[in-house]
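Be aware that the sequence shown starts at 3, since it is given in the working numbering, and climbs by one per residue. Here the structure comes first, spelled out in structure tokens, and everything after it is commentary.
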Amino acid sequence: MSSNYPPGVSGFEPQIAGSNESESVQELDCGNDTCDACYEVPSIEEYSHGEVTWTAEWVCNKCGEQNSREGWYDPNDNS
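Here's what the structure looks like:
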């Protein structure tokens, strides 16, 4: 059976186009309302359907609060 793909490639999109995930940094406040800490938190970004969604998890060094946030943005919006 022949294939239109090069040897070792099954046609599964990430193998052809590469991963749509990347690492970034988000500036986030601690989730504890009584804590004033702010961090640059490593996050994972995924590009899909014209939007970038991100997820970040961290523990505040000041109060010990476990935090998890997610969000999205339009990478083409320059406003």
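For each residue, glycine too, the CB sits at the ideal point set by N, CA and C.
- Message: Helix, strand or coil for Gln-17? Go by DSSP, reduced to three states.
- Response: Because the pLDDT of Gln-17 is 49, which lies under 50, any placement of that residue in the model is unreliable, and the question is left without a value.
- Could you check what DSSP says for Glu-67 in three-state terms: helix, strand or coil? Three-state DSSP puts Glu-67 in coil, outside helix and strand.
- Can you have a look at Glu-25 and say buried or exposed, based on whether 16 or more other CB atoms are within 10 angstroms of its CB? Per the 10 Å Cβ criterion, exposed.
- Message: Taking 6 Å as the limit between beta carbons, can you name the residues of its chain near Val-61, skipping five residues before and five after?
- Response: Counting only Cβ-Cβ distances below 6 Å, and skipping sequence neighbours, we find Gln-68.
- Query: If you draw a straight line from the alpha carbon of Glu-59 to that of Asp-38, how long is it in whole angstroms?
  - Reply: Their backbone Cα atoms lie some 17 Å apart in a straight line.
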